[in-house]
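This report concerns only the one structure given below.
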Amino acid sequence: MSELEIRKYAAFSYQGEGGNPAGVALVEEFPADEVMMRIAAEVGFSETVFAKRTEGGFRVRYFSPDSEVDFCGHATLALGFALFEQFGAGEYALALNHARIQVATDNEGKVTLSSPSTHSRALPSDQKARYQALFGLYAEDLNDAIPMAIGNGGNDHLVIALNSRQKLAQMAYDFEKAKVAMQQDKLVTVALLYRESAGLIHIRNAFAFGGVYEDPATGAAAAAVTGYLRDLGKLDFKNGTASIEYRQGFDMGTPCVLEVTAGEEKGGSVLISGWVRQL
Numbered sequence: 003m004s005e006l007e008i009r010k011y012a013a014f015s016y017q018g019e020g021g022n023p024a025g026v027a028l029v030e031e032f033p034a035d036e037v038m039m040r041i042a043a044e045v046g047f048s049e050t051v052f053a054k055r056t057e058g059g060f061r062v063r064y065f066s067p068d069s070e071v072d073f074c075g076h077a078t079l080a081l082g083f084a085l086f087e088q089f090g091a092g093e094y095a096l097a098l099n100h101a102r103i104q105v106a107t108d109n110e111g112k113v114t115l116s117s118p119s120t121h122s123r124a125l126p127s128d129q130k131a132r133y134q135a136l137f138g139l140y141a142e143d144l145n146d147a148i149p150m151a152i153g154n155g156g157n158d159h160l161v162i163a164l165n166s167r168q169k170l171a172q173m174a175y176d177f178e179k180a181k182v183a184m185q186q187d188k189l190v191t192v193a194l195l196y197r198e199s200a201g202l203i204h205i206r207n208a209f210a211f212g213g214v215y216e217d218p219a220t221g222a223a224a225a226a227v228t229g230y231l232r233d234l235g236k237l238d239f240k241n242g243t244a245s246i247e248y249r250q251g252f253d254m255g256t257p258c259v260l261e262v263t264a265g266e267e268k269g270g271s272v273l274i275s276g277w278v279r280q281l
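In my numbering, each residue's number is its place in the sequence shown (first place is 1) plus 2.
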């Protein structure tokens, strides 16, 4: 293991349990890219975040065991908690590879991050057929009110809305074939979801792109899905904001809750909040 101190947390925990593990390294200078990727592999979590203090904030990079990713929500939440532990409650500016965002903690340690801007686009028919086949899905399994599409809240995520909670619980796919397809298409996760109500979504995220079968909590995907639903006109706004609770990881025994708040402006950042526990 590297000499760097790697802090370990579980982000988006639920009632003091569960949460998505992430490594956090506060560094004076970034190691070489291959070293950061090796450290991420040694830590063994889906992502490890490296943060370097700069004038006015922090420069941040995220690595999975197999690749660098431009944005990772749960690792950002973990980083926010690490900054809370080291510097106290407050708001911190983060410079990512292609975006600038904020992460804030309150006095109780609850963390809220602002996502990069969001956008979405239609999925080519050949890709739709490919991913339906990879995940063993038929037309009757899909929710036509939320067509399969690509959402982005910092990375591209394939959004697949299903018609039943049971079908979501049965998620299965060929890891190696999906990894090749997702890396070819630059899709960081495949986000399968069941929308129980306007304010409650059950979601699972296949993360073969990063070398992990399933991610238990994915802030970037929650941002992407929320932005896509806003583009579709499917959010329930009250006094200018819409709130959604995402429940993820329950089917894999790692319960996680992500609280997302969005404004009405299409393409705008969304706020993602949750609790973090130490590992």
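We put the beta carbon where it would ideally sit given N, CA and C, even for glycine.
- [ ] In angstroms with no decimal places, state the Cα-to-Cα distance between M3 and V45.
- [x] Locating residue 3 in the sequence shown gives position 1, counting from the first residue. Locating residue 45 in the sequence shown gives position 43, counting from the first residue. For M3, the predicted structure reports a pLDDT of 43, less than 50, and the residue's modelled location is therefore unreliable. A value from the coordinates is still provided. The alpha-carbon atoms of M3 and V45 are separated by roughly 8 Å.
Task: Where the beta strand (DSSP E) through D158 begins and ends - done: As a first step, residue 158 must be located in the sequence shown, where it is residue number 156. From DSSP, the beta strand (DSSP E) with D158 extends over D158 to A163.
Task: Cβ-based neighbour list, A244, same chain, cut-off 6 Å, excluding 5 preceding and 5 following - done: Sequence index remark: in the sequence shown, residue 244 carries index 242 (1-based). When the five nearest sequence neighbours on each side are left out, the beta carbons in the same chain lying within less than 6 Å of the beta carbon of A244 are those of L237, D238 and A264, in order along the chain.
TODO: Mind reading off the beta-carbon distance from N145 to A163? Whole number of angstroms is fine, and I expect it under 8 Å.
DONE: The residue labelled residue 145 in the question sits at position 143 within the sequence shown. The residue labelled residue 163 in the question sits at position 161 within the sequence shown. At roughly 4 Å, the Cβ-Cβ gap stays under 8 Å, so N145 and A163 are in contact.
Task: Straight-line gap, G92 to L273 (C-alpha atoms, nearest Å) - done: Taking the sequence shown and counting its residues from 1, one reaches residue 92 at position 90. Taking the sequence shown and counting its residues from 1, one reaches residue 273 at position 271. Straight-line measurement puts the Cα of L273 at about 15 Å from the Cα of G92.
Task: Span separating the alpha-carbon of E198 from that of I246 - done: Residue numbering aside, residue 198 sits at position 196 when the sequence shown is read from its first letter. Residue numbering aside, residue 246 sits at position 244 when the sequence shown is read from its first letter. One C-alpha to the other measures close to 11 Å.
- [ ] Can you have a look at K181 and say buried or exposed, based on whether 16 or more other CB atoms are within 10 angstroms of its CB?
- [x] Here residue 181 refers to the residue found at position 179 when the sequence shown is read from its first residue. Classification for K181: buried.
Task: Beta-bridge pairing of D217 - partner residues as DSSP gives them - done: As a working note, residue 217 is residue 215 in the sequence shown. In the DSSP assignment, D217 forms a beta bridge with N207.
TODO: Report the three-state DSSP secondary structure of S66 (helix, strand or coil).
DONE: Walking along the sequence shown from the start, residue 66 turns up at place 64. Annotated three-state conformation of S66 is coil, per DSSP.
TODO: Alpha carbon to alpha carbon, how far is A147 from F52? Give it in angstroms, no decimals.
DONE: Numbered from its first residue, the sequence shown carries residue 52 at position 50. Numbered from its first residue, the sequence shown carries residue 147 at position 145. Rounded to the nearest angstrom, the two C-alpha atoms are 39 Å apart.
Open item on the list: I need the straight-line Cα distance from A224 to Y248, nearest angstrom please.
Closed with: Counting from one through the sequence shown, the residue named residue 224 turns up at place 222. Counting from one through the sequence shown, the residue named residue 248 turns up at place 246. Spanning the alpha carbons of A224 and Y248 requires a straight line of approximately 7 Å.
Open item on the list: As a quick exercise: from A200, V190 and G201, pick the residue whose alpha carbon is nearest that of N282.
Closed with: Given that the chain is displayed from residue 3 to residue 281, the structure contains no residue 282 and the question cannot be resolved.
Task: Where L231 falls: helix, strand or coil (DSSP) - done: Along the sequence shown, read from residue 1 onward, the residue named residue 231 stands at position 229. When secondary structure is reduced to three states using DSSP, L231 falls in the helix class.
TODO: Taking the CB atoms as reference points, tell me whether D143 and N157 lie closer together than 8 Å.
DONE: For the purposes of this step, residue 143 is taken as the residue at position 141 of the sequence shown. For the purposes of this step, residue 157 is taken as the residue at position 155 of the sequence shown. The answer is no: Cβ separation not under 8 Å.
TODO: Run the CB neighbour count on S122, radius 10 Å, all protein chains shown included, and call it buried at 16 or more, exposed below.
DONE: Position 120 of the sequence shown holds residue 122. Buried, since its Cβ has 16 or more Cβ neighbours within 10 Å.
Open item on the list: Less than 8 Å between the beta carbons of D233 and K268, yes or no?
Closed with: For the purposes of this step, residue 233 is identified with residue 231 of the sequence shown, where counting begins at 1. For the purposes of this step, residue 268 is identified with residue 266 of the sequence shown, where counting begins at 1. In this structure, the beta-carbon distance from D233 to K268 falls below 8 Å.
Task: CA nearest to the CA of E304, picked from R40, L6 and A42 - done: Outside the displayed range of the chain (3 to 281) lies residue 304, so it cannot be described from this structure.
Task: Span separating the alpha-carbon of A282 from that of P67 - done: This structure cannot speak to residue 282, because the chain is shown only from 3 to 281.
TODO: Within the same chain, show all residues whose beta-carbon is closer than 8 Å to that of A97, passing over the 5 residues directly before and after it, in chain order.
DONE: The residue you call residue 97 lines up with position 95 of the sequence shown. Within the same chain, A97 has close Cβ partners T56, G59, F60, R61 and V62.
Open item on the list: Spatial neighbours of K179 within its chain, please: C-beta separation below 7 Å, excluding the five flanking residues on both sides.
Closed with: By 1-based counting over the sequence shown, the position of residue 179 is 177. If we look at K179 and ignore the five residues flanking it on each side, its Cβ neighbours are L136.
TODO: Reducing DSSP to helix, strand and coil, say where W277 ends up.
DONE: On the sequence shown, position 275 is the one that residue 277 refers to. W277: strand per DSSP, three-state reduction.
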